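Engineer: Here the sequence shown is numbered in my numbering, starting from 578 and rising by one per residue. Virtual Cβ for every residue (Gly too), placed ideally from N, Cα, C. Only a predicted model underlies this, so the values are computations on that prediction, with no experimental measurement involved.
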Amino acid sequence: MYHYHTLSNGIRIVFRQNNSIVVHAGVYIGVGSRHESAASEEGIAHFIEHSIFKGTEHRRSYHIRNRIDGVGGELDAFTTKEETCVYASALTEHLERCLELFSDILFHSTFPSHEIEKEKDVVIEEINLYKDSPSDLIYDDFEEMIFDTHPLGHNILGSKKNVKHFSPSMLQDFMQRHYAPSRMVISVVGNLQFQRLVRLCEKYFCCQPLSDSQPSLAAAPVQYHPFSTTINKRTHQVHLLIGCPAPTIFEEQKTPFTLINNILGGPAMNSRLNVSVREKQGFCYTIESQYVPFTDAGLFYIYAGVDADAADRSTELIMEELRRLCQVPLTPQQLKAAQTQLIGQMAITNDNGLNEMQSIGKACLNFDHVDTLEEMNRDILSVTPQQIQAVAQQYLQESQFSFLYYK
Numbered sequence: 578m579y580h581y582h583t584l585s586n587g588i589r590i591v592f593r594q595n596n597s598i599v600v601h602a603g604v605y606i607g608v609g610s611r612h613e614s615a616a617s618e619e620g621i622a623h624f625i626e627h628s629i630f631k632g633t634e635h636r637r638s639y640h641i642r643n644r645i646d647g648v649g650g651e652l653d654a655f656t657t658k659e660e661t662c663v664y665a666s667a668l669t670e671h672l673e674r675c676l677e678l679f680s681d682i683l684f685h686s687t688f689p690s691h692e693i694e695k696e697k698d699v700v701i702e703e704i705n706l707y708k709d710s711p712s713d714l715i716y717d718d719f720e721e722m723i724f725d726t727h728p729l730g731h732n733i734l735g736s737k738k739n740v741k742h743f744s745p746s747m748l749q750d751f752m753q754r755h756y757a758p759s760r761m762v763i764s765v766v767g768n769l770q771f772q773r774l775v776r777l778c779e780k781y782f783c784c785q786p787l788s789d790s791q792p793s794l795a796a797a798p799v800q801y802h803p804f805s806t807t808i809n810k811r812t813h814q815v816h817l818l819i820g821c822p823a824p825t826i827f828e829e830q831k832t833p834f835t836l837i838n839n840i841l842g843g844p845a846m847n848s849r850l851n852v853s854v855r856e857k858q859g860f861c862y863t864i865e866s867q868y869v870p871f872t873d874a875g876l877f878y879i880y881a882g883v884d885a886d887a888a889d890r891s892t893e894l895i896m897e898e899l900r901r902l903c904q905v906p907l908t909p910q911q912l913k914a915a916q917t918q919l920i921g922q923m924a925i926t927n928d929n930g931l932n933e934m935q936s937i938g939k940a941c942l943n944f945d946h947v948d949t950l951e952e953m954n955r956d957i958l959s960v961t962p963q964q965i966q967a968v969a970q971q972y973l974q975e976s977q978f979s980f981l982y983y984k
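1. Check whether the Cβ atoms of V968 and Q830 lie closer than 7 Å to each other.
2. Taking C-beta to C-beta, are N954 and I925 nearer than 7 Å?
3. Express the C-alpha separation of L981 and F719 in angstroms, rounding to a whole number.
4. So what does I879 bridge to, in DSSP terms?
5. So what does R637 bridge to, in DSSP terms?
6. Hey, I763 and S686: beta-carbon distance below 7 Å or not?
7. Please report the Cβ distance between L850 and G842, rounded to the nearest whole angstrom; I am assuming they are in contact, meaning their Cβ atoms lie under 8 Å.
8. In whole angstroms, give me the CA-to-CA distance for L714 and K708.
9. Using only the alpha-carbon positions, how far apart do P689 and R754 sit?
10. State the CB to CB distance for the pair E626 and L942, rounded to an integer number of angstroms; the pair is presumed to be in contact (CB under 8 Å).
11. Do L777 and T669 come within 7 Å of each other at the CB atom, strictly closer than that value?
12. Taking A874 as part of the beta strand (DSSP E), name the residues at either end of that continuous run.
13. If you drop the 5 nearest sequence neighbours on each side, which residues of the same chain put their C-beta closer than 8 Å to that of E898?
14. Out of I895, P962 and T825, point me to the one whose CA is closest to A527's CA.
15. In the DSSP assignment, what residue or residues form a beta bridge with Q594?
16. Among T812, E865, L748 and A881, which residue has its Cα nearest to the Cα of S618?
17. Identify the residues that DSSP records as bridge partners of M761: which are they?
18. Taking N929 as the reference, give the member of H671, G767 and F724 with the closest Cα.
19. Under the assumption that S936 contacts P803 (Cβ atoms under 8 Å), give the Cβ distance between them as a whole number of angstroms.
20. Taking the beta carbon of E651 as the centre, do at least 16 other beta carbons fall within 10 Å, making it buried, or is it exposed?
21. Have a look at A615 and G859 and give me their C-alpha separation to the nearest angstrom.
22. Any Cβ of chain B within less than 7 Å of the Cβ of F724?
23. Buried or exposed for V905, please, with buried defined as at least 16 other CB atoms from any protein chain shown within 10 angstroms of its CB.
24. Quick check on the DSSP output: the beta strand (DSSP E) that includes D709 runs from which residue to which?
25. Could you give the C-beta distance for V648 and H623, rounded to a whole number, given that I count them as a contact under 8 Å?
26. Kindly indicate the opening and closing residues of the alpha helix (DSSP H) around Y972.
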């Protein structure tokens, strides 16, 4: 189902063929905000993601913007704690255009000073926008507290002060240290022959390694200490975030915990938290849980925005659901329903070519392999009620939870 190839300089390729007239292509780089080694660097990974579109040895920013947009395609990028991704969607006939542009901006960006100064204002406005959204900001504040001084707790956007002081030489230096071929994966989903994709990647990526040095590895997170904190934000709602450590992407508990997260607060309307807090009580519009596994850590969050008078009762209801999952094993029927629901959600997500391209790119980056849907489904169906309860008891003990409130 998936095709793999490694270029001579270490860049990996992962590909799946489909029957669409649209091709989705991206380059995943294993560097994110956690790899910023000094306080003055916080936010630089994200700023580079913006700045690589501002000029190269061969193009000005105008030409970069129009290279894909001009043929009706879409070009974009994003930065996470551990990855940066540049990607595009276009008609299959324009795949070579996409790959050539990726190579140009990743290997030949010049970071023109006048363009960089303008982009600083753009990122500062992005920071302002984020700070005006408490339902987003609370996650960053929580991660900063739960990871203490570790880089995983850094805000991906960085601070306004840092952004103002970033220079072209700082951006070049960070890329030279971290954008190594061994950290890159080219991910493509589309209707073409794999051999053609390999030839195009060899043409544009083979002879252009950014660095021969080994990238530095980020240290593992420090020991976790639970907390309960209230911050006065003068918001109309009380925003609450309850969370705790969770399995990493490499641990065998990941699959049972994914099911636990989906049962408690996944996207379906029948999640336990949605039924208990929203449907039965009407306390909130939004309540959800998220499981975010990293390479050497993991986080589980429950978020809700509630009326001030309902905050305490909402917290009680959330904790009751957590206790119930730890104390009462799922019946075979309940587990089967949860497994069927998660398998269906995954199939719908992967039915989108862009989603699949991003999913297999990240999987190849971390595991050097992509599990098929059938393999993932087998893992999900192999989980037992006893495993669900054991993993819940391991991670969801009340004493392990931290609480953050915006009031």
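Structural biologist: The answer reads as follows:
1. Judged by beta-carbon spacing, Q830 lies within the 7 Å limit of V968, meaning their Cβ atoms are closer than that value.
2. No, these two residues do not count as a Cβ contact at 7 Å.
3. If you take the alpha carbons of F719 and L981, they lie about 7 Å apart.
4. I879 pairs with I819 and S866.
5. Residue pairing of R637 in beta bridges, as defined by DSSP: G632.
6. No, they are not a contact pair.
7. So it is a contact: roughly 4 Å between Cβ atoms.
8. About 6 Å.
9. Straight across, the Cα-Cα distance linking P689 with R754 is about 20 Å.
10. Incorrect: roughly 16 Å between the Cβ atoms, too far for contact.
11. Their beta carbons are not under 7 Å apart, which means T669 does not touch L777 by this criterion.
12. No beta strand (DSSP E) holds A874; DSSP gives it neither H nor E.
13. Excluding sequence neighbours, E898 sits near L841, R849, L850 and S853.
14. Given a span of 578 to 984 for the chain in the structure shown, any question on residue 527 remains unanswerable.
15. Looking at the DSSP output, Q594 sits in a beta bridge with G767.
16. Note that residue 618 corresponds to Glu in the displayed sequence, not to Ser. It is L748 whose Cα lies nearest to the Cα of E618.
17. Under DSSP, the beta-bridge partners assigned to M761 are I606.
18. It is G767 whose Cα lies nearest to the Cα of N929.
19. Distance from S936 to P803 at the Cβ level is roughly 32 Å; contact not present, criterion being Cβ atoms closer than 8 Å.
20. Exposed is the label assigned to E651, since fewer than 16 other Cβ atoms lie within 10 Å of its Cβ.
21. The straight-line gap from Cα to Cα measures roughly 45 Å.
22. Structure shown: chain B not included; a single protein chain is present.
23. Result: exposed.
24. First-last for D709: undefined, no H or E at that position.
25. Actually they do not touch by this definition, with Cβ atoms about 28 Å apart.
26. In the DSSP assignment, Y972 falls within the unbroken alpha helix (DSSP H) covering P962 to Y972.
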